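Residue numbers (the working numbering), protein chains in the order written: chain A, 1 to 251; chain B, 1001 to 1246.
Cβ atoms here follow ideal geometry from the backbone N, Cα and C, with glycine treated the same way.
Quick caveat, the model's predicted, so the values are computed rather than measured.
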Amino acid sequence: MATTMATPLSGPIQALPPVQMRAGGGLASFLRKVWAVAAKDLRAELRGREVFSSMTVFSVLAVLIFGMAFDLRVPEAKMVAPGVLWVSILFAGVLGLNRSFGAEMDRGTLPALLLAPMDRSAIYFGKVIANFVFTFGTALVILVATFFVYDVDLLQPLIFAGVLLGTLGYVAVGTIFAALSASARARESLLPILLLPVMVPVFMAGVALTAVVLDGGGLADVTNWLGILIGFDLIFLIVAYLLFDMILEEV
Amino acid sequence: MSTSASARPNRWTPMDIAQLVLGVLAVGAAVATMWAALVYARPATNLAGDEQLAQRIFYVHMGTIMGALAGFIVSFASSIVYLITRKLDWDRLCQAAVEVGLIFGMGTVVTGMFWAKPTWNTYWTWDPRLTTATITVLVYVAYLLFRNGIDNRQTRARFGSIYAILAFSSVPLTFFSARWFRSIHPVVFGNENPDAQGGFDIGSTMGTTLGIAMIGFIIIFSALLVLRFRQLRNEDELNELREELA
C-alpha cells in the first residue's frame, strides 16, 4: 500500500471499479448491443442517405448497361439474366461495404465505437446486419429491375431464398474484409480485389441456382446449391466471429 | 535471431547448413526429375503424336501442384500460429510460403495449358480444377497486394494472417461449386469421370517417375521457402536498423 500511496493516482481513482471492456450479460444483452450497432448504421443511413442510394442507382445502371451490351448478340434474355443479377449484386455490394468502415475511418468515429463497453464481435454482427439490409435491399431492386428490363420472371421464392443466403454470405465475408482494408492504403480499390475471388463459391452457386429455377427446376434440383450457400454462410460467420477481435486490436 | 550470425560472421548457423543442404538437394532433385520425366519414363501406350509428347508435361504439372499445395497449406498453418504466438517469424514464413506457392501455382496453370492445347485442342476450358486453381492463384495474388498496402509491420502481419486464413477456407468450397457448376447433379466422391479426355494408364516406370517428380518438387519448394524466409527476415532486420539510424 505504501508504494501506491506515493503515486499521484491514488485516492478517489482507486476507489472506482475496474472498467470491464467485455461486459458480460448473456445472450440477450449481447443481441441488444449488436442491434445498437446496427441501428446506429441504419439511422445514419436514414439521415445521410449516402450508401443505399448510390448502391441502388449503381445497380439499376449496371442492369441497363448489361442489357445494352448483351442486346445485340444474345438470343434470349433468360440466358444472361442470372449472371447479370449476381454480378450486379456483387459489384453494388462493394460500394456499400467500402463505406461500412471507410466512413468510420473518415469521420474518426471508429475509436469511439471501440470504446463502447462490449465484445468486439458485437460490432461485427451489428455491421453485418446493417450491410445485409443495404445489400439485400439493393438485390431486391436489382431483381425488380431485371424483371422489367429483361422480361424474365426472377421473382420466385427459390430465387429469393438464394439471394437471401448469398447476400448473407457476401456481407459476412465483406464486412470482415472491409474492416481489414479500411486501414490500408488505397482501400477503395483493394476491397474488390480481396473480396471477389473469395466470393466465387457464392457467385457460382447463386448463378447456377437462378439458372436452374429459370429453367423450371424445383427445390430438389437446387438443394446442392442451397447447401453450398448455407455452408458458406456458416463457415464464414463462425471464422469471422473467431477472427474479428484481432482486427480491431489497436486503431 | 540472426543477430548472432552478424556478430560472428564466419560461423555457420544451423539455418545456413539447412539452406546449403536443401539447395544441393534441390539441384539434384531437379536433375533427377527431368531425367526421369524425359528419359526413364516409357511412353504412354494409348497415345500418339503430339499427345504422346505433351503427356510428359504431366510429371512437371503434378510436381508444381505439390509445391503450390504445400505453399498454401504452410501459409494457412503459419498464419494460425502467428495469431497465437505473435512472433513475426511465422508471418515471414507465411509470406514466403505464399510467394513460393504462387510460383508453383502459376506453373501448374501454365503447364496445364500447354498440355491442354494438343490434348483438348484448347488452352482453356471451364473445368472445375482449372477454375479452382486459377481462382486460388488470384486469391493469393490479392494477399500480396493487400500486405503491400499496410505500412505498420505488426498490423501487416496480423491482417495478412487473418486474410490468409479466410482465403484458404474458401478454396474447398470453390472446388465443389466449380465441380457442380457444369451439371445439375452432384458428383460422387472418387467417381471416375467417363467424359475425361486425354487420360492414360500409368505404367510402373511412369508411377516411379511421378513419385520422383512429386518428392523432387517438394524438395525444391522447401529450398526456395527457406531462402525466401531468410531473405524476408534480413529485410526486416535491415529496415529496423535503418529506422534506428534515421
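- Look at residue 120/A: its C-beta is not under 9 Å from any C-beta on chain B.
- In the structure shown, residue 1123/B falls within a coil segment according to DSSP collapsed to helix, strand and coil.
- Assigned with DSSP and collapsed to three states, residue 1150/B falls in coil, not helix or strand.
- Taking 8 Å as the cut-off between beta carbons, the residues of the segment 223-237 of chain A near chain B are 224, 225, 228, 231, 232, 235, 236, in sequence order.
- Residue 193/A has a beta carbon lying within less than 9 Å of a beta carbon in chain B.
- For residue 1139/B, the chain A residues whose C-beta falls within less than 8 Å of its own C-beta are 197, 198, listed in chain order.
- Remark: three or more beta-carbon pairs, one from each stretch, lie closer than 8 Å, so the segment 1089-1107 of chain B and the segment 1068-1080 of chain B are flagged as touching.
- In this structure, residue 1062/B and residue 1213/B form a Cβ contact; the two beta carbons are roughly 6 Å apart against a cut-off of 8 Å.
- Taken atom to atom, the span from the alpha-carbon of residue 1015/B to that of residue 1168/B is near 29 Å.
- In terms of Cβ geometry, residue 1155/B and residue 1133/B do not form a close pair [threshold 9 Å].
- In this structure residue 1121/B is exposed. Its beta-carbon is surrounded by fewer than 16 other beta-carbon atoms within 10 angstroms.
- In this structure residue 136/A is in contact with residue 167/A, their Cβ atoms being roughly 5 Å apart against a cut-off of 8 Å.
- Annotated as distal: residue 177/A and residue 149/A, with beta-carbon spacing of 9 Å or more.
- Not a single CB atom of chain B sits nearer than 9 Å to the CB of residue 104/A.
- The beta carbon of residue 1105/B does not come within 9 Å of any beta carbon belonging to chain A, so the residue lies off that interface.
- Under the rule that a run must span 4 or more residues, the alpha helix (DSSP H) segments found entirely inside the segment 215-249 of chain A read 219-247.
- Measuring C-alpha to C-alpha distances from residue 1056/B to each of 1071/B, 1111/B, 1029/B, 1089/B identifies 1111/B as the nearest.
- Distance from the CA atom of residue 1020/B to the CA atom of residue 89/A, rounded to whole angstroms, is 52 Å.
- With 16 or more other Cβ atoms from the protein chains shown falling within 10 Å of its own Cβ, residue 1180/B counts as buried.
- Below 8 Å, enough C-beta pairs join the segment 127-142 of chain A and the segment 44-59 of chain A to call them touching: three or more.
- The DSSP-derived three-state label of residue 1172/B is helix.
- Beyond the five residues adjoining it in sequence on each side, residue 245/A comes within less than 6 Å, by CB distance, of 120 in the same chain, given in chain order.
- Taking residue 156/A as the centre and dropping the five residues before and after it, the same chain places the C-beta of 213 closer than 8 Å to its C-beta, in chain order.
- For residue 1173/B, the residues of chain A that pass the 8 Å Cβ criterion are 201, 228, 231, 232, 235, in the order they occur in the chain.
- Taking all protein chains shown into account, residue 28/A has fewer than 16 neighbouring C-beta atoms within 10 Å of its C-beta and is therefore exposed.
- Residue range 187-198 is occupied by the alpha helix (DSSP H) that includes residue 197/A.
- Put simply, of 1080/B, 1101/B, 1047/B, 1215/B the residue whose alpha carbon is nearest the alpha carbon of residue 1139/B is 1101/B.
- Close to residue 1176/B, with beta-carbon spacing below 7 Å, are these residues of chain A in chain order: 228.
- For the 9 Å CB-CB criterion, residue 1037/B and residue 1209/B form a contact.
- The Cβ of residue 76/A sits no closer than 9 Å to any Cβ of chain B.
- Here DSSP, grouped into helix, strand and coil, assigns residue 156/A to coil.
- For residue 1012/B, the secondary structure class from DSSP, reduced to helix, strand or coil, is coil.
- Between residue 1025/B and residue 1219/B, the alpha-carbon positions lie close to 7 Å from each other.
- Taken in chain order, no unbroken stretch of beta strand (DSSP E) lies wholly in the segment 80-105 of chain A with a span of 3 residues or more.
- Annotated three-state conformation of residue 47/A is helix, per DSSP.
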